[in-house]
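Visitor:
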Amino acid sequence: MVYDTSLFGAARTVTLPGPLTLDGGAVLAPVDFAYETYGALNADRSNAILICHALTMDQYVASAHPLTGKPGWWTAMVGPGKPIDTDRHFAICINVLGSCMGSAGPASSADDSKPYAMRFPVITIRDMVRAQAMLLDHLGIDTLQSVIGGSMGGMQVLEWAACYPERVRSAIAIATAAKHSAQNIAFHEVGRQAIMADPNWRGGDYYADGEPPTKGLAVARMAAHITYLSEEGLTEKFGRRLQAKPGQETGAKSFGFDADFQIESYLRHQGISFVDRFDANSYLYITRAMDYFDLAEEHGGLLANAFKGTKTRFCVISFDSDWLYPTSEAKTIVRALNASGAEVSFVELSSPFGHDAFLLDTPGMNATVDGFLKAGEGK
Amino acid sequence: MNQLRPDLAIIADHVPAGARVLDIGCGDGGLMAAIRDAKGADARGLELDADNVAQAMAKGLSVVQGDADTDLADYPDDAFDYAILSQTLQTTRAPDAILAELLRIAPRAFVSFPNFAYWRVRASLMFGGRMPVTGALPLSWYATENIHHVTIDDFRALVGEQGLAVERAWYLSGNTQRGAGAANLLAEQAVFLLGR
């Protein structure tokens, strides 16, 4: 079968007519998508793997980021000879709905040619997944060998398996949860309030004059970044060490409010560099979508119902130092999958790096994913 | 394929084709792979050690990292045809509760364990006055994971107390099977097939 190869490759965009009916009742039409593909789709279209990205990530999973020039965010997992082997698999990563790297979001133009800003409808994880399914229909990909993702990407993985079980042969959910906890919501609310408290936010209408709420967004990122690391990792990397200053190699307390401690300097850097690549309103919308996520709630309050009768093979991975989506959340998912009779594997891997472990070359993660994918290929 | 441990070989021989099996304490998945390949069994595993889980997953097996003492409750009634607990009963905190769980999850269960009434074990205690170190009990008292030593007669008594049925039993000395005669004295380890 011949397919349109211009659909595939790096930095693709397409506008589909829609309509996409959202959980909140609004309808999006048309719908913009930005995505990347890696590797070649095989003749029977059976080697496609959908990679779902996390809150502030994007479709540049294994290629340089157009704004920062940094390498793709999951080069440890995706590439020739990697578990998601671009010599053998066809990998797709789609910028999520509500984001700011080319897919429809608050910075996109509405009917009046002005940015939606806060007129953009509030979206859910399920909306993101339905949008992805719409794009896959357009690309002619019916069935996925696997859907994989960490953090919010893992939420999409679970939602994919629940919404489209017949399209998902296997699902790999890493460092994630089937719902957002009160603590998860609380941290996100701190971030949102920081953005909204920035005088430049102006109800979200900041696109015209190029003065976005960078200070608020930076604070939001700083607060969130703490949740991605472990206390052990922070202590090891920074401890109470002071930031070096000219003439003071080991640093000194300023008896003021400069970034005296290395951890302060690091967090400020994380905040400042984030605002160059991310839109504050997108941060509001995507964190909202994550807070609304409760897969059990969508299935009569019983998580096992989300996977009833599923034929999908599941792989669930957690990290022992991840306190944002701890192993107990992964076990809740595994318990529900067991109760529904699903074929499930679960492993808690050891890493000192907290939630961020899923983005790093964490020992055991690649071997686990590689073995799981190959088993599905009968290897 | 690596040769299976003798107790596992007995279990593998007696799992019917196509059975749904939960192997509790499945290690690196050797038995699961064997019954999957030879019997077309739908085998799932539960294993405490993360490295073992990763190795089993690399074999394409479905294994959940977890603890037999706490995580069997996650499985629904009759989720499997057979539960397997090999050389693990004596390492658990509550062997009696686990036995009940096995026969809740599945109508039949294979259980294998080292027999603490084996004559060499008895001799070691009787004449040496020391905790035994034998082929089936290779580690010293301070290093062993075996916290609830059990004899064949103890096991039969517990099975009886729980109202369960012994459908079959196999006895091993070294790597060879032996008869049921004086098994509590002469068998180094035992494999039981239990029913409700």
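So the sequences go chain by chain: Z and D.
Reminder that position 89 of the first sequence reads as 628 in the numbering used here, one-by-one numbering, no gaps.
Reminder that position 24 of the second sequence reads as 702 in the numbering used here, one-by-one numbering, no gaps.
For every residue, glycine included, the Cβ atom is placed at its ideal position computed from N, Cα and C.
Keep in mind it's a predicted model, so treat the numbers as computed, not measured.
When the Cα atoms are used, what is the spatial distance from Leu823/Z to Met657/Z?
Guide: 9 angstroms
Visitor: Do Arg743/D and Gly703/D have their CB atoms nearer than 9 angstroms?
Guide: The question names Arg, but residue 743/D is Gln in the sequence shown. The answer is no: Cβ separation not under 9 angstroms.
Visitor: Going by the C-beta, is Val699/D closer than 8 angstroms to any heavy atom of the ligand SAM?
Guide: Of ligands this structure carries none, so the ligand SAM is not represented either.
Visitor: Does the Cβ of His808/Z have 16 or more other Cβ atoms within 10 Å, making it buried, or fewer, making it exposed?
Guide: In the assembly as shown, His808/Z is an exposed residue. Its beta-carbon has fewer than 16 other beta-carbons within 10 Å.
Visitor: What first and last residue would you give for the beta strand (DSSP E) that runs through Arg786/D?
Guide: Segment 786-792, the beta strand (DSSP E) holding Arg786/D.
Visitor: Quick one: any contact between the stretch 705-713 of chain D and the stretch 826-842 of chain Z, if contact means 3 or more CB pairs under 8 angstroms?
Guide: no
Visitor: Looking only at its own chain, which residues have a Cβ that is under 6 angstroms from the Cβ of Leu863/D, when we skip the five neighbours before and after it?
Guide: Excluding sequence neighbours, Leu863/D sits near Trp797.
Visitor: Can you tell me where the beta strand (DSSP E) holding Gly689/Z begins and where it ends?
Guide: 685-689
Visitor: What's the gap between the Cα of Ala914/Z and the Cα of Glu698/Z?
Guide: Using only the alpha carbons, I get a separation of about 23 angstroms.
Visitor: Looking only at its chain, what residues have a beta carbon closer than 8 angstroms to the beta carbon of Phe892/Z, apart from the 5 residues adjacent to it on each side?
Guide: Leu768, Ser769, Gly772, Phe858, Ser860, Leu899, Thr901
Visitor: Does Val699/D come within less than 9 angstroms of chain Z when only Cβ atoms are used?
Guide: no
Visitor: Write down every uninterrupted run of the alpha helix (DSSP H) in the stretch 798-831 of chain Z whose length is 4 residues or greater and which is fully enclosed by it, in chain order.
Guide: 801-814, 819-831
Visitor: Report the residues of the stretch 871-887 of chain Z with a CB closer than 7 angstroms to any CB of chain D, ordered along the chain.
Guide: Val873, Arg874, Asn877, Ala878, Gly880, Glu882, Val883, Ser884, Phe885, Val886, Glu887
Visitor: Quick one: which chain D residues come within Cβ less than 7 angstroms of Thr907/Z?
Guide: Ala732, Met735
Visitor: Can Ala601/Z and Ala630/Z be called in contact, C-beta distance under 9 angstroms?
Guide: yes
Visitor: Mind checking who Asp630/Z pairs with in its DSSP beta bridge?
Guide: The question names Asp, but residue 630/Z in the sequence shown is Ala. DSSP output for Ala630/Z lists Tyr577/Z, Ile588/Z as bridge partner(s).
Visitor: Counting contacts by CB-CB distance shorter than 9 angstroms, is Ser890/Z in contact with chain C?
Guide: The structure shown contains no chain C; its protein chains are Z and D.
Visitor: Could you check which residue in Glu575/Z, Leu567/Z, Gly692/Z, Ile687/Z has the C-alpha nearest to that of Leu594/Z?
Guide: Gly692/Z
Visitor: Nearest-angstrom Cα distance between Arg580/Z and Asn905/Z?
Guide: A small correction: the amino acid at residue 580/Z is Leu; Arg does not occupy that position in the sequence shown. Taking the straight line from one Cα to the other gives about 22 angstroms.
Visitor: Go ahead and pull the three-state DSSP assignment for Met729/Z.
Guide: Note that residue 729/Z is Val in the sequence shown here, rather than Met. Three-state DSSP puts Val729/Z in a helix.
Visitor: Here's a check: name, in chain order, each residue in its chain whose Cβ is nearer than 6 angstroms to the Cβ of Lys754/Z, leaving out the five neighbours to either side.
Guide: Apart from the 5 residues on each side of it in sequence, Lys754/Z sits with its Cβ closer than 6 angstroms to the Cβ of Asp737 in its chain, given in chain order.
Visitor: Run through DSSP, which three-state label would Lys718/Z get?
Guide: It is a strand residue.
Visitor: So which of Val693/D, Pro694/D, Ile783/D, Arg800/D has the shortest CA-CA distance to Arg874/D?
Guide: Ile783/D
Visitor: In chain D, which residues lie with their C-beta within 8 angstroms of the C-beta of Gly903/Z?
Guide: Ala728, Asp729, Ala732
Visitor: Between Phe794/D, Leu763/D, Thr829/D, Pro792/D, which has its C-alpha nearest Glu779/D's C-alpha?
Guide: Leu763/D
Visitor: Counting only beta-carbon atoms, is Ala700/Z nearer than 9 angstroms to chain D?
Guide: With its beta carbon at least 9 angstroms from every one in chain D, Ala700/Z lies outside the interface.
Visitor: Is the stretch 606-621 of chain Z close to the stretch 555-562 of chain Z, with three or more CB pairs under 8 angstroms?
Guide: no
Visitor: Can you tell me which residues form a DSSP beta bridge with Asp747/D?
Guide: In the DSSP output, where bridge partners are listed per residue, Asp747/D has none listed.
Visitor: Is there at least one Cβ from chain D nearer than 9 angstroms to Gly915/Z's Cβ?
Guide: When Cβ-Cβ separations below 9 angstroms define contact, Gly915/Z makes contact with chain D.
Visitor: Which residues in the same chain have their Cβ closer than 6 angstroms to the Cβ of Gly611/Z, if we skip the five residues on either side of it in sequence?
Guide: Tyr599, Val600, Ala601, Ser602, listed in sequence order.
Visitor: In three-state terms, what does DSSP make of Gln765/D?
Guide: coil
Visitor: Look at the alpha carbon of Asn853/D and the alpha carbon of Thr866/Z, and state the distance between them as a whole number of angstroms.
Guide: 40 angstroms
Visitor: By Cβ distance below 8 angstroms, which residues in the same chain neighbour Arg665/Z in space, the five residues on each side in sequence not counted?
Guide: Asp562, Glu698, Cys702, Glu837
Visitor: Are there 16 or more other CB atoms within 10 angstroms of the CB of Tyr849/D, so buried, or fewer, so exposed?
Guide: buried
Visitor: At 8 angstroms on the CB atoms, spell out the chain D contacts of Phe572/Z, in chain order.
Guide: In chain order: nothing, as chain D lies at least about 33 angstroms away.
Visitor: Which of the three DSSP states, helix, strand or coil, is assigned to Ile623/Z?
Guide: The answer is strand: DSSP assigns Ile623/Z an E or B state.
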